[in-house]
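Counting from 4, one number per residue, gives the positions in the sequence shown under my numbering. Ideal Cβ placement from N, Cα and C applies to all residues, glycine included. These figures come from a predicted structure and were not determined experimentally. One structure is given below, encoded as structure tokens.
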Amino acid sequence: MNAKEVEKLLKDVKKGETTIEEALEILKNFPYTDLGFARIDHHREMRTGYPEIIYCAGKSVEQVREIFRVMSEKENNVIGTRANNEMYESVRSVSADAVYYPMARIISLQNIKPKVPESKIAIITAGTSDMPVAEEAAITAELLGNNVLRIYDAGVAGIHRLVDKLPEIRNCRVIIVIAGMEGALASVVGGLVDKPVIAVPTSVGYGANFGGISALLAMLTSCSTGITVVNIDNGFGAGFAASMINKME
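Below is the structure:
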């Protein structure tokens with residue numbers, strides 16, 4: 004239930020079109036539904052402007068399906084991250100309109116289309132191997148109501164692949180840079196633009212990459228200003244933060 008729905012319900016009670024008892028029945032699970040294994044927060048969209056997000060990894064197929072079922076009954080928008088195809092097939096049995104994005108590992112159900120600003124979010128990867136994290140960021144941003152410019156495989160090993168895209172990148176309001184190995188791309192981009200940069204280290208790389216630690220430390224110690232760093236492989240976190248920046252008035 005979002006703010007508009009609560010406002011309409013209160014107006015209906017005031018006009019006598021809905022009884023107090025009927026309103027109480029509608030609100031009985033407000034602001035959350037307790038499923039025993041999860042407490043689904045129906046109040047989150049009113050507080051933050053964004054619906055609750057499901058982190059599917061570590062949950063059973065049945066748990067993911069049940070969460071989607073309850074949220075879809077409430078006509079909420081739903082995003083499930085780190086989901087697999089088995090989870091999607093199960094969710095689709097209770098929510099036929101659910102969509103799965105395999106590379107991003109996201110299940111979505113959109114009952115209400117969000118407003119989309121004219122400004123864009125640029126998402127740049129150092130290599131093709133970083134694309135799964137990039138797609139998690141891109142699909143997240145798009146589902147939250149943003150236009151996304153994708154520029155993939157533009158790392159420092161061939162920096163000319165980035166330079167010729169600079170005019171397009173500079174027209175975006177916020178930039179997400181995704182890189183593994185030594186994570187140098189974030190510093191390069193940060194030194195070329197006047198927009199906020201969200202850096203995402205990935206676990207892509209050989210042994211001394213330490214599962215993304217080398218890229219994380221490089222981004223955290225960058226000499227370029229205006230760079231904010233999220234956790235290793237956290238495309239969702241980057242996409243969500245970029246959406247919030249892009250929609251600021």
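Residue i, buried or exposed, once every other Cβ within 10 Å from all chains shown has been counted against 16
i, result
"V166", "exposed"
"R68", "buried"
"M134", "buried"
"I181", "buried"
"N88", "exposed"
"M74", "buried"
"Y58", "exposed"
"K99", "According to the sequence as given, residue 99 is Ala; it is not Lys. A99 is exposed by the Cβ-count criterion."
"R176", "buried"
"I162", "exposed"
"S63", "exposed"
"E65", "exposed"
"A60", "exposed"
8 Å Cβ cutoff met for residue i and residue j
i, j, result
"V200", "V192", "yes"
"F71", "V102", "no"
"A137", "Y155", "yes"
"N80", "Q113", "yes"
"G83", "V207", "no"
"I267", "I178", "Not covered by the structure: residue 267. The range shown for the chain is 4 to 252."
"V94", "I110", "yes"
"L27", "T21", "no"
"G238", "V203", "yes"
Contact with chain D by residue i, beta-carbon distance below 8 Å
i, result
"G61", "As a matter of chain content, chain D is missing from the structure shown, which is built from one protein chain."
Rounded distance between the beta-carbons of residue j and residue i, thought under 8 Å
i, j, result
"S246", "L152", "The pair is not a contact, with the Cβ atoms about 14 Å apart (cut-off 8 Å)."
"P120", "N249", "6 Å"
"Y104", "I142", "5 Å"
Residue i versus residue j: straight-line alpha-carbon distance, rounded
i, j, result
"T128", "T205", "10 Å"
"I126", "E76", "33 Å"
"A211", "S132", "17 Å"
"A160", "A189", "13 Å"
"F213", "A140", "22 Å"
"G52", "F243", "12 Å"
"I235", "A241", "11 Å"
"L223", "K168", "25 Å"
"R164", "K198", "20 Å"
"G19", "E8", "16 Å"
"A107", "Y91", "13 Å"
"I23", "V16", "7 Å"
"E10", "E78", "16 Å"
"I124", "Y209", "30 Å"
"E25", "M251", "37 Å"
"V232", "S225", "10 Å"
"P117", "I43", "21 Å"
"L195", "E48", "36 Å"
"A86", "G158", "28 Å"
"K14", "S122", "35 Å"
"N259", "R50", "Summary: the structure shown does not reach residue 259, with the chain confined to residues 4 through 252, and so no result is reported for it."
"A221", "P170", "26 Å"
Distance cut-off 7 Å: residue i Cβ against heavy atoms of the ligand GTP
i, result
"L219", "As far as ligands go, the structure on display features none, and thus does not contain the ligand GTP."
message: So, does the segment 207–218 touch the segment 170–188, judging by three or more C-beta pairs under 8 Å?
response: yes
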